[in-house]
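K.L.:
Right, I'll just put the structure down here and ask away after.
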Amino acid sequence: MKTIITIGRQYGSAGHEIGEKLARELHIPFYDKALLTRAAKESGFCEEMIKTHDERPTNSFLYNLVMDTYSFGYNSAGVVDMPISQKVFLAQFDTIKKIAAEGPAVIVGRCADYALDDNPDCLSVFIQADMNARIKRICQKYDMTEAKAKDAILKKDKQRSSYYNYYSTRKWGHCSTYDLCISSSLLGIDATVRFLKQFVEEFDQTTK
């Protein structure tokens, strides 16, 4: 197998869990938060800084200027004058490309589909879910009220959308952006994983 699966996801759609289970079923590496750790290690950035900017575009000049004083690496001539948020994005961008060059993997978020746009072995997936199902999941996972869960969902989706739309030339969550869009609330998590596994295996055969 040589396919790299990238997963975009709505907050509360179980995208992380589905990606993790899919990677386990396919016996390939899984990257979500682990991508941040690796990006920090390879770029020289503090891991906390990478996490601070994770899928979160920051346009404040003053904030970027202050945070830039904490940048220990990734200061080659081409990027030294960039805001810290863009340097962090580039560090993640490079790490995603390195991961893909090493072989098949499942990568969640971080504009991975855009980073691998020229890779014929990349299959981009977007996972969504019914709002009620998402609210229920967030309520159970974080012990929130329904009102607070819905507010968190709307804010997180807006954040992810802003980040993706800011750094890519595409539209987050739009069907034309991805190879496959699927609602996890229709089949449930495990059935969605089984469906994606079959889809990935078929895709892998067509690219040989």
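The sequence shown maps to residues 2 to 209 in this note's numbering. Each residue gets a CB set at the ideal place from its N, CA and C atoms; glycine is no exception.
1) Where does F94 sit, in a helix, a strand or coil, going by DSSP?
2) Among K98, E103, P121, whose alpha-carbon lies nearest the alpha-carbon of A113?
3) CA-CA distance, M2 and E26?
4) Within the same chain, show all residues whose beta-carbon is closer than 7 angstroms to that of V201, passing over the 5 residues directly before and after it, in chain order.
5) Here's a check: name, in chain order, each residue in its chain whose Cβ is nearer than 8 angstroms to the Cβ of T208, leaving out the five neighbours to either side.
6) Give the secondary structure of A130 by DSSP, where H, G and I count as helix, E and B as strand, and everything else as coil.
7) In whole angstroms, give me the CA-to-CA distance for N166 and F94.
8) Quick check: the Cα distance between L181 and F127, rounded to an integer number of angstroms?
9) Using the rule of at least 16 other Cβ atoms within 10 Å of the residue's Cβ for burial, across every protein chain shown, is S177 buried or exposed?
10) Taking S185 and A15 to be in contact with their CB atoms under 8 angstroms, please state how far apart those CB atoms are, rounded to whole angstroms.
11) Taking its Cβ as the centre, do 16 or more other Cβ atoms sit within 10 Å of Y143, making it buried, or is it exposed?
P.N.:
So, from the listed chains and residues:
1) Within the sequence shown, residue 94 is the residue found at index 93, counting from 1. Here F94 sits in helix by DSSP.
2) Indexing the sequence shown from 1 puts residue 113 at position 112. Selected option, being the one with the closest Cα: K98.
3) Residue 2 sits at position 1 when you count from the first residue of the sequence shown. Residue 26 sits at position 25 when you count from the first residue of the sequence shown. Answer to the nearest angstrom: the Cα atoms are 12 angstroms apart.
4) Here residue 201 is taken as the residue at index 200 of the sequence shown, counted from 1. Excluding residues within five positions, the ones whose Cβ falls inside 7 angstroms are T4, I6, L27, L124.
5) As a first step, residue 208 is located in the sequence shown; it is residue number 207 there, counting from the start. Same-chain partners within the cutoff: K3, T4, P121, D122.
6) Position 129 of the sequence shown, counted from the start, is the residue given in the question as residue 130. DSSP places A130 in coil when its eight states are reduced to three.
7) On the sequence shown, residue 166 is found 165 positions in, with the first residue counted as 1. On the sequence shown, residue 94 is found 93 positions in, with the first residue counted as 1. Looking at the two C-alpha atoms, the distance is approximately 15 angstroms.
8) Position 180 of the sequence shown, counting from 1, holds the residue named residue 181. Position 126 of the sequence shown, counting from 1, holds the residue named residue 127. Computed Cα separation, rounded: 6 angstroms.
9) As a working mapping, residue 177 is identified with position 176 in the sequence shown. Classification for S177: exposed.
10) In the sequence shown, counting from the first residue as 1, residue 185 sits at position 184. In the sequence shown, counting from the first residue as 1, residue 15 sits at position 14. With 8 angstroms as the limit, S185 and A15 qualify as a contact, their Cβ atoms being about 5 angstroms apart.
11) Taking the first residue of the sequence shown as position 1, residue 143 is located at position 142. Y143 is exposed by the Cβ-count criterion.
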